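Trainee:
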Amino acid sequence: MARGENESGLRSGSGDERSRSPRALVVDDAAGMRAYLASLFEARGFEVDTCDDGRRALALLESGADPDVVLLDVMMPGTGGLETLSAIRDSWPELPVLMVSVVGRASTIVQAMQLGATDYLTKPFEEVELEAALDRLGLHSNRPGARTDGRGEGVASGQTVWVSSAMCEIRSVIEQIGDTDVTVLIQGESGVGKEVVAREVHAVSGRSKGPFVKVNCAALPTDLLESELFGYEKGAFTGATGRKQGKFELAHGGTIFLDEIGEMSPLLQAKLLQVLQDAEFTRLGGNREVRVDVRVVCATNRSLVRMVAEGDFREDLFFRLNVVAIDIPPLRERREEVPLLVESFLSRYAAFYERPNRGLSQPLIEAMGRYDFPGNVRELENLIKRIVVLENEESILADLRRPKPSRSERRAELDAMLCEMEEHAGEMPLREVGRRFALEVEREAIEHMLGLTGWNRKQAASRLGISYKTLLQKIRDCELDAGS
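In the working numbering, the protein residues as written are 62 to 545.
1. Quick one: using the 10 Å Cβ neighbour count with 16 as the cut-off for buried, is phenylalanine 298 buried or exposed?
2. Using 8 Å as the Cβ pair cut-off and three pairs as the minimum, do the region 450–466 and the region 521–537 touch?
3. What are the partner residues of cysteine 359, as DSSP defines its beta bridges?
4. In angstroms with no decimal places, state the Cα-to-Cα distance between lysine 308 and alanine 428.
5. Alpha helix (DSSP H) containing alanine 85: first to last residue?
6. Just checking, does the region 245–253 make contact with the region 384–397 on the three C-beta pairs under 8 Å criterion?
7. Given that a residue counts as buried once 16 or more other Cβ atoms are within 10 Å of its Cβ, and exposed if not, what is leucine 533?
8. With distance defined between alpha-carbon atoms, name the residue in Glu508, Gly512, Asn517, Gln520 nearest to isoleucine 536.
9. So is valine 502 buried or exposed if we call it buried at 16+ other beta carbons inside 10 Å?
10. The beta strand (DSSP E) spanning threonine 111 covers which residue range?
11. Can you list, in chain order, the stretches of the alpha helix (DSSP H) that have 4 or more residues and sit fully within the region 341–390?
12. Is the region 339–359 in contact with the region 262–281, if contact means three or more CB pairs nearer than 8 Å?
13. Go ahead and pull the three-state DSSP assignment for lysine 162.
14. Give the secondary structure of tyrosine 432 by DSSP, where H, G and I count as helix, E and B as strand, and everything else as coil.
15. Between the Cα of threonine 343 and the Cα atoms of Ala259, Glu540, Phe291, which residue gives the shortest distance?
16. Can you check whether the C-beta of aspartate 538 is within less than 8 Å of a C-beta belonging to chain D?
17. How is leucine 132 classed by DSSP in three states: helix, strand or coil?
18. Would you mind sorting phenylalanine 30 into buried or exposed? The rule is 16 or more other CB atoms within 10 Å of its CB.
19. Please name the residue in Arg352, Ser147, Glu192 whose C-alpha comes closest to that of valine 336.
20. When the distance is taken between beta carbons, is arginine 395 closer than 8 Å to alanine 227?
21. For phenylalanine 186, which of helix, strand or coil comes out of DSSP?
22. So the alpha helix (DSSP H) valine 234 belongs to, where does it begin and stop?
23. Would the region 106–118 count as touching the region 174–183 if we require 3 or more Cβ pairs under 8 Å?
24. Mind checking who valine 502 pairs with in its DSSP beta bridge?
25. Does DSSP put tyrosine 414 in a helix, in a strand, or in coil?
26. For the beta strand (DSSP E) that valine 257 lies in, which residues bound it at each end?
27. For lysine 519 and threonine 183, what's the separation of their Cα atoms in angstroms?
28. Check the C-beta distance from asparagine 362 over to glycine 199 and give it rounded, since I have them as a contact under 8 Å.
29. Using beta-carbon positions only, say whether valine 131 and glycine 142 come within less than 8 Å of one another.
30. Mapping the DSSP letters down to three states, classify lysine 519 as helix, strand or coil.
31. Locate the beta strand (DSSP E) running through phenylalanine 546, then write down its first and last residues.
32. If you measure between the beta carbons of leucine 378 and glutamine 330, is that distance less than 8 Å?
33. I need the straight-line Cα distance from leucine 401 to aspartate 339, nearest angstrom please.
34. Are the CB atoms of alanine 312 and proline 272 within a distance shorter than 8 Å?
35. Using a Cβ-Cβ cutoff of less than 7 Å, which residues in the same chain neighbour leucine 461 once the five nearest sequence positions on both sides are dropped?
36. What does the alpha-carbon distance come out to for the pair glutamine 220 and glycine 346?
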């Protein structure tokens, strides 16, 4: 049961100081979110202090509060998260700070990391993501019975289940390689649940008591990704005031999960190959070899075979990574999992947004059963999130029932456009050819992202890397609407 805040912002604890429980400081301006985040820590045996802004958090720290970790929201009125982080680093340089925000833009993550953030989570994050972040800090969960449902970690995290024949085959492969350290390459469309499969590989292995460290290779520019993976020495670059361990060192004795491996630059591909061959590397700005004992699991939604053929991915690295390949089928090929996923998402987001769990109407359940979910599990998750928040099924039911053009139909449209251009060869300027193709491709990308985010335009703009105003203009230019 969550405990209330006292006048100073401290949440009263009952831990015996002689056997001190770990402590967390949660800083978020939204009361409901603050209570939810605090409950996640309390469920893991933490004593929790909470504050609603950065100024109060700094005052609490100055008054003698001694948390083991700070969970700090980026976007807050008054003293914001990044300003608070900077102040914490000035006065408490060793205090671990996990930044959290609905903003997933690379520039914000880069700024937080440059200011000294220990880790960064994008809300709403999975409980297993918080668990992994705490594990990396050595603050292991005391939560009992974390895996007692018999279906694997996917149900608890709301990402995948293991009931379809395809997923049962994948589970069988995972169990076969459980007592080995072979590298694993997980492939599949965006949103199918590659990270959950990676976590399951870790969970059944002999390294399960070690850390599971995730790195998104697409989220950071090359130079920052290099320092995140391999760490740096004091003075390696401006702002490097001390040595920092990289993710490979933090994963020592456990598993490192390299998501979006196809986005890694050739420079880092070469350095990763060295780690796989020799189990050692040098930190940025250093000359001493650092030896590590890690298992490498990678994931991608791109065809690495094609990238190798086109010269965009090292062939020798591909062979090193592709020892065991796991291909996750899209959700449309495992429809029997949809009801279980819906149940899991409804339960989680009703609690997260403090809404009643009313279940789904039979017409909506039937419409979901016929829908292809091009965005896979992530699209289903966002759809359920939208239902919970809006508490209105009608518009969503209409969206699901409205026929959408398939990829093959889109391909046919592009082919028709090519035929038209061929007929009018010499009449259509090259610039017009490029404009029309670009508009069609852009339209498809925007429509796909809006579908994934449940038409949350601010979130879609952030994930597309454009401003909200620009996205609104492009939606008008492409003549898109929520029912398109």
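Where is the CB? At the ideal position from N, CA and C, for every residue including glycine.
The structure presented is a predicted model; accordingly, all values stated were derived computationally and were not measured.
Mentor: Taking the definition as stated:
1. Position 237 of the sequence shown, counting from 1, holds the residue named residue 298. By the 10 Å Cβ count, phenylalanine 298 comes out exposed.
2. no
3. Taking the first residue of the sequence shown as 1, we reach residue 359 at position 298. According to DSSP, which records beta bridges pairwise, cysteine 359 is partnered with Leu246, Leu319.
4. Position 247 of the sequence shown, counted from the start, is the residue given in the question as residue 308. Position 367 of the sequence shown, counted from the start, is the residue given in the question as residue 428. C-alpha separation (whole angstroms): 43 Å.
5. Taking the sequence shown and counting its residues from 1, the one referred to as residue 85 is at position 24. It is not in any alpha helix (DSSP H) - alanine 85 instead sits in the beta strand (DSSP E) that spans 84–88.
6. yes
7. Numbered from its first residue, the sequence shown carries residue 533 at position 472. Its Cβ having fewer than 16 others within 10 Å, leucine 533 is exposed.
8. Here the question's residue 536 lines up with position 475 in the sequence shown. Of Glu508, Gly512, Asn517, Gln520, the residue nearest in Cα terms is Glu508.
9. The residue given as residue 502 occupies position 441 in the sequence shown. Exposed, because fewer than 16 other Cβ atoms sit within 10 Å of the Cβ of valine 502.
10. For the purposes of this step, residue 111 is taken as the residue at position 50 of the sequence shown. 108–112 is the span of the beta strand (DSSP E), which, as asked, contains threonine 111.
11. 365–370, 376–382
12. yes
13. In the sequence shown, residue 162 corresponds to position 101, counting from 1. Looking at the sequence itself, residue 162 is serine, so the reference to lysine does not match. Correct three-state label for serine 162: strand.
14. The residue labelled residue 432 in the question sits at position 371 within the sequence shown. In this structure, tyrosine 432 counts as coil in the three-state DSSP scheme.
15. On the sequence shown, residue 343 is found 282 positions in, with the first residue counted as 1. Comparing Cα positions, the closest option is Phe291.
16. Among the protein chains of the structure shown there is no chain D, as only one such chain exists.
17. Looking up residue 132 in the sequence shown gives position 71. In the structure shown, leucine 132 sits in a strand (DSSP, three-state: E or B).
18. Shown here, the chain extends from 62 to 545; a query on residue 30 therefore has no answer.
19. Your numbering for residue 336 matches position 275 in the sequence shown. It is Arg352 whose Cα lies nearest to the Cα of valine 336.
20. In the sequence shown, residue 227 corresponds to position 166, counting from 1. In the sequence shown, residue 395 corresponds to position 334, counting from 1. Yes; because the gap between Cβ atoms is below 8 Å, this pair is in contact.
21. Counting from one through the sequence shown, the residue named residue 186 turns up at place 125. Coil at phenylalanine 186, not helix or strand.
22. On the sequence shown, position 173 is the one that residue 234 refers to. Where valine 234 is concerned, the enclosing alpha helix (DSSP H) stretches over 226–237.
23. no
24. On the sequence shown, residue 502 is found 441 positions in, with the first residue counted as 1. None; valine 502 has no bridge partner.
25. Taking the first residue of the sequence shown as position 1, residue 414 is located at position 353. Coil, per DSSP.
26. Locating residue 257 in the sequence shown gives position 196, counting from the first residue. Run containing valine 257: none in the beta strand (DSSP E); it sits in the alpha helix (DSSP H), 255–264.
27. As a first step, residue 519 must be located in the sequence shown, where it is residue number 458. As a first step, residue 183 must be located in the sequence shown, where it is residue number 122. About 14 Å.
28. Along the sequence shown, one-based indexing puts residue 362 at 301. Along the sequence shown, one-based indexing puts residue 199 at 138. Rounded, the Cβ-Cβ distance is 33 Å, inconsistent with contact.
29. Translated into the one-based positions of the sequence shown, residue 131 becomes position 70. Translated into the one-based positions of the sequence shown, residue 142 becomes position 81. For valine 131 and glycine 142, no; Cβs fall outside 8 Å.
30. Translated into the one-based positions of the sequence shown, residue 519 becomes position 458. Lysine 519: helix per DSSP, three-state reduction.
31. Since the displayed the chain opens at 62 and closes at 545, residue 546 lies outside it and no answer follows.
32. Here the question's residue 378 lines up with position 317 in the sequence shown. Here the question's residue 330 lines up with position 269 in the sequence shown. Yes.
33. On the sequence shown, position 340 is the one that residue 401 refers to. On the sequence shown, position 278 is the one that residue 339 refers to. Their Cα atoms are separated by approximately 43 Å.
34. Here the question's residue 272 lines up with position 211 in the sequence shown. Here the question's residue 312 lines up with position 251 in the sequence shown. Cβ distance < 8 Å, so proline 272 and alanine 312 count as in contact.
35. Here the question's residue 461 lines up with position 400 in the sequence shown. Once the five neighbours on either side are set aside, the close Cβ partners of leucine 461 are Ala428, Met429, Tyr432.
36. As a position in the sequence shown, residue 220 is number 159, starting the count at 1. As a position in the sequence shown, residue 346 is number 285, starting the count at 1. A caution first: glutamine 220 carries a pLDDT of 47, below 50, which makes its placement in the model unreliable, though a value can still be read off. Each residue's alpha carbon lies about 39 Å from the other.
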